[in-house]
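What follows is one structure encoded as structure tokens, with my remarks underneath.
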Amino acid sequence: MITNFSLSPDPTLRPFVNQYILSTSQGEIVQYTSQWPAAFEVVLIFYLGDRPTHQTPYSSSAMVGKDSYLVGPVLYNNGSVEFNGRYHTFIIEFKSDGLNKIFGISPREIT
Numbered sequence: 019m020i021t022n023f024s025l026s027p028d029p030t031l032r033p034f035v036n037q038y039i040l041s042t043s044q045g046e047i048v049q050y051t052s053q054w055p056a057a058f059e060v061v062l063i064f065y066l067g068d069r070p071t072h073q074t075p076y077s078s079s080a081m082v083g084k085d086s087y088l089v090g091p092v093l094y095n096n097g098s099v100e101f102n103g104r105y106h107t108f109i110i111e112f113k114s115d116g117l118n119k120i121f122g123i124s125p126r127e128i129t
């Protein structure tokens, strides 16, 4: 079983960050397959345990071989995620324009 812990950001980061999420299987081996739907939020994901396998209908996956990556916002299905191992992730969920504001860059510079 995977447990999610939601943490509130520091008051100085609240204009930019919705929440932090720590997800863990607490050392247990878990296996699952899940669809990865379109999402309007921008998240920075750090895999601290084993990595998932990302299946996508597009030419390549930005997740292959990486321990962290930036996702969103996207208007289309991201494919599916398959996982088998010890699940331990830390996620920073930004407000819709939070990443752009905190770093002072336009959305076009990120894509």
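Numbering (the numbering used here), first residue to last: 19 to 129.
Don't be surprised by glycine CBs; every beta carbon is placed ideally from N, CA and C.
Using CA coordinates, which residue listed in the options is at the minimum distance from residue i?
i: ASN96; options: SER52, LEU31, SER43; result: SER52
i: PRO33; options: SER24, GLY116, ARG69, LEU40; result: GLY116
i: ALA57; options: SER24, GLU127, VAL92; result: VAL92
i: PHE23; options: TRP54, HIS72, ILE110, VAL99; result: ILE110
i: LEU40; options: LYS119, LEU25, SER98; result: LEU25
i: ASP28; options: TYR38, ILE20, MET19, THR21; result: TYR38
i: LEU66; options: THR74, GLY45, MET19; result: GLY45
i: SER98; options: ILE123, TRP54, PRO125, ASN118; result: TRP54
Is residue i near residue j, with beta carbons less than 8 Å apart?
i: THR42; j: TYR105; result: yes
i: PRO48; j: PHE101; result: The amino acid at residue 48 is misidentified as Pro; the sequence shows Val. Against a cut-off of 8 Å, the Cβ pair of PHE101 and VAL48 comes out as a contact.
i: PHE112; j: VAL35; result: yes
i: ASP68; j: GLY90; result: no
i: LEU63; j: TYR87; result: This sequence places Ile at residue 63; Leu is not what is there. Yes; because the gap between Cβ atoms is below 8 Å, this pair is in contact.
Give me whichever residues DSSP pairs with residue i in a beta bridge.
i: THR42; result: THR21, HIS106
Need the endpoints of the alpha helix (DSSP H) that residue i sits in, please.
i: LEU117; result: 116-121
Check for me: the beta strand (DSSP E) holding residue i runs from which residue to which?
i: SER86; result: 86-89
i: LEU62; result: 60-65
i: THR74; result: Here THR74 belongs to no beta strand (DSSP E), and DSSP marks it neither H nor E.
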